[in-house]
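Here's the structure we're looking at; comments come further down.
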Amino acid sequence: MQWWFALLVQLLFSYLATVAFAIIINVPRKALNLAGWAGMMGWLAYWLLMEVGSGRMMANLVGAFVIGLCGIFFARYKKMPVIIFNIPGFVPLVPGAVAYQAVRATVLGDLDGALQYVSRVVMITGAIAVGFMLAQLLSEVLYKRAVLKPKK
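Mapping to the numbering used here: the sequence shown position 102 is 102, numbers consecutive.
Put into structure tokens, the structure is as follows:
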């Protein structure tokens, strides 16, 4: 598969998945497009880092950071709460397949395998949480710097 076609497929499906989830959770209609863009940009960061051989944790952390920044920017642009853009945006990063494998291994009695999968899920969700927290922290620091800037 050509690299540009793979990129197009990744962008298209991450956008569609994000918008579909946003519709399911009743995100306001005027925020659907930007919520899709937030998810797509976060998935793009994740996918590109995975393509260059970065670890899964770093890719999730950076993807969540990008989604957090997009959510903050889009919320200020649309004058809406940040959560409207962040929650659907995180859908492409959720480790659903790994969580399924953990449950499957547990049901099949492979407790060592299940423990490995569960630890992967915990680390991925932790990386997502840290990425989101860093985006919020950066936003707060920049906002405080802009608000408390000394006047000349």
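Note that the Cβ used here is the ideal one computed from N, Cα and C, for glycine as well.
Model, not experiment: these values are computed from the prediction.
At least 3 beta-carbon pairs within less than 8 Å: the stretch 97-105 vs the stretch 40-48: Result no; under three Cβ-Cβ pairs closer than 8 Å.
Rounded separation between LEU7 and VAL52 - CA only: Within the sequence shown, numbered from 1, the residue matching residue 7 stands at position 7. Within the sequence shown, numbered from 1, the residue matching residue 52 stands at position 52. Distance between the alpha carbons of LEU7 and VAL52 is about 13 Å.
Within the continuous alpha helix (DSSP H) that includes GLN154, where are the two ends? This structure cannot speak to residue 154, because the chain is shown only from 1 to 152.
What does a CB cutoff of less than 7 Å around GLN136 pick up in its chain, not counting 5 residues either side in sequence? Looking up residue 136 in the sequence shown gives position 136. GLY68, listed in sequence order.
Simplified DSSP assignment, three categories, for LYS79: As a position in the sequence shown, residue 79 is number 79, starting the count at 1. Looking at LYS79 - three-state DSSP - the assignment turns out to be coil, as it is neither helix nor strand.
Please classify PRO92: is it buried, with 16 or more other beta-carbons within 10 angstroms of its beta-carbon, or exposed? The count along the sequence shown starts at 1 and reaches residue 92 at position 92. Buried, because 16 or more other Cβ atoms sit within 10 Å of the Cβ of PRO92.
Rounded C-beta distance between VAL62 and ALA45? I'm assuming under 8 Å. One-based indexing of the sequence shown puts residue 62 at position 62. One-based indexing of the sequence shown puts residue 45 at position 45. Going by Cβ atoms, the distance from VAL62 to ALA45 rounds to 5 Å, so yes, they are a contact pair.
Using three-state DSSP, classify ASP110 as helix, strand or coil. For the purposes of this step, residue 110 is taken as residue 110 along the sequence shown, with counting starting at 1. Coil, per DSSP.
Less than 9 Å separating the beta-carbons of ALA64 and ILE23? Here residue 64 refers to the residue found at position 64 of the sequence shown. Here residue 23 refers to the residue found at position 23 of the sequence shown. Taking 9 Å as the Cβ cut-off, ALA64 and ILE23 do not qualify as a contacting pair.
Nearest residue (CA-CA) to ASN60, options PHE85, PRO95 and ASP112: By 1-based counting over the sequence shown, the position of residue 60 is 60. Looking at the Cα atoms, PRO95 is the closest of the given residues.
Under the three-state reduction of DSSP, which class applies to VAL141: helix, strand or coil? Residue mapping note: residue 141 aligns to position 141 of the sequence shown, counting from 1. DSSP places VAL141 in helix when its eight states are reduced to three.
Selection from VAL118, SER54 and PRO88 that minimises the alpha carbon distance to SER14: Mapped onto the sequence shown, residue 14 falls at position 14. Nearest C-alpha to SER14: PRO88.
Assuming LEU44 is part of the alpha helix (DSSP H), what are its boundary residues? Counting from one through the sequence shown, the residue named residue 44 turns up at place 44. Taken as a continuous stretch (DSSP letters only), the alpha helix (DSSP H) holding LEU44 covers 32-51.
Proximity of VAL98 and ILE124 at Cβ, strictly below 9 Å: Position 98 of the sequence shown, counted from the first residue, corresponds to residue 98. Position 124 of the sequence shown, counted from the first residue, corresponds to residue 124. Yes, these two residues count as a Cβ contact at 9 Å.
Cβ separation of ALA146 and LYS78, assumed to be a contact under 8 Å, to the nearest whole Å: The residue you call residue 146 lines up with position 146 of the sequence shown. The residue you call residue 78 lines up with position 78 of the sequence shown. Cβ atoms of ALA146 and LYS78 stay farther apart than 8 Å, at about 20 Å.
Should ALA20 be labelled buried (16 or more other beta-carbon atoms within 10 Å of its own) or exposed? The residue labelled residue 20 in the question sits at position 20 within the sequence shown. By the neighbour-count rule (16 or more Cβ atoms within 10 Å), ALA20 is not buried but exposed.
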